[in-house]
Every structure is written in C-alpha cells, then in structure tokens.
Amino acid sequence: MPAQETPREFHLLEVEQKAYELLAKKRERTELSSFADLYEKGVIEKDELTVREIEKTFSSDKTKEGLKKLSELFEVLFSKLVELEDWLGDDVFVVETSTFDDYVNGVDAVAEFLREGSLTHLGLAIDVTFTSDTQKKITKIRDEIKGGKLPLVRYFVSESGDFRGELSNIPRVVLGTDRKTLDELAELWLDFLHLRKRKQTLTEREVPFQLTQKIREVKEKLQNHPLQIELLAQIELQLESFGKYAASLGKTDIALKYKSVLAIIRKIRDGKKEIENSPETKTREMKMFHDIEHALNSILPAPASE
Numbered sequence: 094m095p096a097q098e099t100p101r102e103f104h105l106l107e108v109e110q111k112a113y114e115l116l117a118k119k120r121e122r123t124e125l126s127s128f129a130d131l132y133e134k135g136v137i138e139k140d141e142l143t144v145r146e147i148e149k150t151f152s153s154d155k156t157k158e159g160l161k162k163l164s165e166l167f168e169v170l171f172s173k174l175v176e177l178e179d180w181l182g183d184d185v186f187v188v189e190t191s192t193f194d195d196y197v198n199g200v201d202a203v204a205e206f207l208r209e210g211s212l213t214h215l216g217l218a219i220d221v222t223f224t225s226d227t228q229k230k231i232t233k234i235r236d237e238i239k240g241g242k243l244p245l246v247r248y249f250v251s252e253s254g255d256f257r258g259e260l261s262n263i264p265r266v267v268l269g270t271d272r273k274t275l276d277e278l279a280e281l282w283l284d285f286l287h288l289r290k291r292k293q294t295l296t297e298r299e300v301p302f303q304l305t306q307k308i309r310e311v312k313e314k315l316q317n318h319p320l321q322i323e324l325l326a327q328i329e330l331q332l333e334s335f336g337k338y339a340a341s342l343g344k345t346d347i348a349l350k351y352k353s354v355l356a357i358i359r360k361i362r363d364g365k366k367e368i369e370n371s372p373e374t375k376t377r378e379m380k381m382f383h384d385i386e387h388a389l390n391s392i393l394p395a396p397a398s399e
C-alpha cells in the first residue's frame with residue numbers, strides 16, 4: 094500500500110487534474126428530480142438537501158475534495174473501460190449512481206450482467222487504496238449480511254432504460270486500485286483522446302501511418318491492461334468470501350445472490366486467460382487485492398474446520 098499522504102501535502106498531480114477536468118467534472122449523473130413520478134416531492138427535496146450538506150464537507154476540506162476527485166476519476170475510467178474495452182467481458186454495463194446513492198448508500202456504480210435474456214446486478218463500491226479504509230468498508234458489508242439486508246440504490250435507471258426506481262438487495266463489493274495505476278490509466282486515456290482528436294482533423298489520405306499505429310498501440314494497452322484481471326480477482330474473492338459467510342449464518346437467499354454473481358465473474362475471468370497469463374499481469378503486485386484479502390481474513394470469522 095502506498096505511504097499515506099498528510100492533508101498538508103496532498104494535492105492532485107497534473108495528469109490527475111487534467112483527466113478529472115476532461116472526464117469526470119462534466120459527467121452527467123442521475124438527477125433526483127427526474128424521479129418525481131415515483132417519489133413524493135418531500136422525499137426528493139430531503140435527499141437533495143442531504144447531498145448539498147455532504148458536498149459542503151468536501152468543499153471545506155481540500156484533502157477530502159482531492160480524494161473525492163480521484164475516486165470520481167477512477168469511477169469514470171472504469172466505466173469507460175468496461176463499456177469500450179470489455180474489461181468485464183461482453184454484455185456487461187456499468188451504471189453510475191446518483192450522488193445521493195453514492196454518498197448515502199455507498200454504491201458508486203451498479204454492474205448489469207446480461208445473461209440468458211435477464212439482468213443480474215452487482216453493486217460496486219469503488220475505492221482507491223491511498224485513502225485505505227478498506228477494513229471499514231469490508232466491515233460494513235459483513236454487518237449488512239449479518240443483518241440480513243443488502244444495499245439498495247434508490248434512484249436507479251437501468252442501462253436499457255426499462256427499469257427505474259429502487260434497486261434493492263444488491264451484493265456489494267469493494268473495487269479499487271492504487272494511485273500509481275490510476276495515473277497510468279489516466280495518462281493512457283489522455284493520450285488516446287489527444288491522438289484521436291489529431292486524426293479527426295485530417296482527411297483519410299492525410300492520416301500518417303505512424304499516427305494510426307500509435308492509436309492502435311495505446312488502445313491495445315488499455316484493452317490488455319493487467320488491472321482488469323486484478324479487479325476481477327478482487328470481485329471473485331469477495332463474492333466467494335461473503336457468500337460463504339452468508340451461508341454460515343443461514344442467510345440462504347443472500348448466499349445464493351453472491352453465488353450466482355460469482356459464477357458469472359468466474360466465467361468472465363476464464364475468458365481472459367491470455368491477459369491473465371501475460372508477463373505484465375504475472376509480475377503485477379496486486380496491492381489492492383492483497384489489501385482486501387487481509388481485510389477479509391481479519392474481519393470475517395475463520396471457516397469451521399471439517
């Protein structure tokens with residue numbers, strides 16, 4: 094895990110600030126007011142007030158504000174890489190949640206897996222390790238399972254648009270990376286945007302081979318980046334661990350939810366063996382994976398000996 098930065102020395106790097114401005118700052122999130130046909134006006138106004146009050150705490154604390162920007166940058170990059178580069182395989186969509194569901198319900202995004210004509214949902218609480226409150230997040234998931242009630246997203250709109258409203262009982266996992274990897278991905282994405290913009294200013298005849306080749310190289314780096322394997326490993330580890338924990342408590346319905354998504358994730362990972370067996374993936378430290386693994390081992394009870 095990277096060394097912790099003190100509030101006094103924390104700041105966004107140039108690549109982080111530039112990527113945030115281009116990718117995250119102007120992103121459109123679900124407006125609570127668009128649910129006026131489903132929820133009472135007073136409920137929506139109360140939730141909007143809650144969001145404003147929470148955002149005040151960010152604006153008054155530069156460290157919180159900076160960490161929030163980095164988390165948002167990772168959320169956007171992850172969503173784009175899933176959508177455009179198939180990081181979670183085909184027929185997978187990542188739907189970013191409303192600010193209310195992000196701040197209050199702790200779900201930054203929902204992954205929708207299309208399988209056999211139906212959608213399976215997985216709540217992704219996206220995190221990055223340099224803030225490292227992983228143990229706190231894992232403890233929260235444990236307590237949700239123990240209480241028999243999984244998270245909900247109040248203001249949810251499916252990617253297909255055929256469902257609006259409250260999505261409940263979503264198996265939640267923590268998903269993240271370290272700051273070095275985040276910066277690497279941001280740099281690659283900025284390079285891709287810059288090269289593509291250059292190409293768009295030229296006619297087909299004017300585009301030099303070197304430019305086309307460079308775009309292809311950057312895109313391949315994004316498509317084959319080893320972080321996608323670590324993220325799948327993070328998800329798989331948590332689904333297996335939380336599923337077993339739920340089963341040990343007799344929470345059969347919850348255990349089945351985790352087990353059903355686990356089967357999907359394992360199938361997706363099986364389809365990425367070439368990337369998983371690449372030298373870049375084999376030599377990767379997988380810092381966040383080990384952070385999550387340590388938290389699970391510390392927080393969940395050891396399985397009963399057979």
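Sequential numbering from 94 applies to the sequence shown in the working numbering.
Even glycine gets a Cβ: it sits at the ideal position worked out from N, Cα and C.
Open item on the list: DSSP three-state label for E399, please.
Closed with: The sequence position of residue 399 within the sequence shown is 306, counting from 1. Any reading at E399 is ruled out, since the residue's pLDDT is 43, under 50, leaving its predicted position unreliable.
Open item on the list: Using a 10 Å radius around the Cβ and a threshold of 16 neighbouring Cβ atoms, would you call E323 buried or exposed?
Closed with: Taking the sequence shown and counting its residues from 1, the one referred to as residue 323 is at position 230. The Cβ neighbour count for E323, taken over all protein chains shown within 10 Å, is at least 16; the residue is labelled buried.
Task: C-alpha gap between G241 and K344, whole angstroms - done: Walking along the sequence shown from the start, residue 241 turns up at place 148. Walking along the sequence shown from the start, residue 344 turns up at place 251. G241 and K344: Cα-Cα distance of roughly 7 Å.
Task: R359: first and last residue of the uninterrupted alpha helix (DSSP H) it sits in - done: The residue labelled residue 359 in the question sits at position 266 within the sequence shown. 345-363 is the extent of the alpha helix (DSSP H) around R359.
Open item on the list: Below 8 Å on the Cβ atoms is my contact criterion, and I expect I234 with R265 to pass it. Report the Cβ-Cβ distance as a whole number of Å.
Closed with: Start at 1 with the first residue of the sequence shown, and residue 234 comes out as number 141. Start at 1 with the first residue of the sequence shown, and residue 265 comes out as number 172. With a Cβ gap of about 5 Å, I234 and R265 count as contacting.
TODO: Measure the alpha-carbon distance for A395 versus D346 and round it to whole angstroms.
DONE: Taking the first residue of the sequence shown as 1, we reach residue 395 at position 302. Taking the first residue of the sequence shown as 1, we reach residue 346 at position 253. Approximately 21 Å between the Cα atoms of the pair.
- [ ] Tell me whether the beta-carbon of G216 lies closer than 7 Å to the beta-carbon of I263.
- [x] Along the sequence shown, read from residue 1 onward, the residue named residue 216 stands at position 123. Along the sequence shown, read from residue 1 onward, the residue named residue 263 stands at position 170. Against a cut-off of 7 Å, the Cβ pair of I263 and G216 comes out as a contact.
Task: First and last residue of the uninterrupted beta strand (DSSP E) at E205 - done: What you label residue 205 is simply residue 112 of the sequence shown in a count that begins at 1. Counting along the chain, the beta strand (DSSP E) containing E205 begins and ends at 202-208.
Task: Residue ranges of each alpha helix (DSSP H) within the region 212-259, 4 or longer - done: Fully enclosed alpha helix (DSSP H) runs of 4 or longer: 227-240.
TODO: Using three-state DSSP, classify R265 as helix, strand or coil.
DONE: For the purposes of this step, residue 265 is identified with residue 172 of the sequence shown, where counting begins at 1. R265 falls in the strand class under three-state DSSP.
Task: Spatial distance of Q97 from D226 (CA atoms) - done: Counting from 1 along the sequence shown, the entry for residue 97 is found at position 4. Counting from 1 along the sequence shown, the entry for residue 226 is found at position 133. Its pLDDT being 43, under 50, Q97 is placed unreliably by the model, and the measurement read from it follows with that caveat. Looking at the two C-alpha atoms, the distance is approximately 11 Å.
- [ ] Would you check if the distance between the CB atom of L105 and the CB atom of G159 is smaller than 7 Å?
- [x] Taking the sequence shown and counting its residues from 1, one reaches residue 105 at position 12. Taking the sequence shown and counting its residues from 1, one reaches residue 159 at position 66. Cβ distance < 7 Å, so L105 and G159 count as in contact.
- [ ] Out of K290, H387, G258, S341, state which residue places its alpha-carbon closest to the alpha-carbon of S126.
- [x] By one-based count along the sequence shown, residue 126 stands at place 33. It is G258.
Open item on the list: Run through the DSSP bridge pairs and tell me what E189 is partnered with.
Closed with: Within the sequence shown, the letter at position 96 stands for residue 189. Paired residues: A202.
Open item on the list: Between the alpha carbons of S231 and K350, how many angstroms are there, rounded?
Closed with: Translated into the one-based positions of the sequence shown, residue 231 becomes position 138. Translated into the one-based positions of the sequence shown, residue 350 becomes position 257. The amino acid at residue 231 is misidentified as Ser; the sequence shows Ile. So the two alpha carbons sit approximately 17 Å from each other.
TODO: Would you kindly work out how many angstroms separate the C-alpha atoms of A218 and E297, rounded to a whole number?
DONE: Reading the sequence shown from its first residue, position 125 is the one you call residue 218. Reading the sequence shown from its first residue, position 204 is the one you call residue 297. If you take the alpha carbons of A218 and E297, they lie about 43 Å apart.
Task: Beta-carbon contacts of D140 that lie in its chain and below 7 Å, excluding the five residues immediately before and after - done: Reading the sequence shown from its first residue, position 47 is the one you call residue 140. Here the set comprises L125, F193.
Task: N370 burial status per 10 Å Cβ neighbour count (16 or more: buried) - done: On the sequence shown, residue 370 is found 277 positions in, with the first residue counted as 1. Classification for N370: exposed.
Task: Cβ distance (whole Å) where V250 is taken to contact F285 below 8 Å - done: Counting from one through the sequence shown, the residue named residue 250 turns up at place 157. Counting from one through the sequence shown, the residue named residue 285 turns up at place 192. Their Cβ separation, rounded to whole angstroms, is 28 Å, which puts V250 and F285 out of contact at 8 Å.
Open item on the list: Please state the DSSP three-state secondary structure of P301.
Closed with: Against the sequence shown, residue 301 aligns to sequence position 208. In the displayed model, P301 falls within coil according to three-state DSSP, outside both helix and strand.
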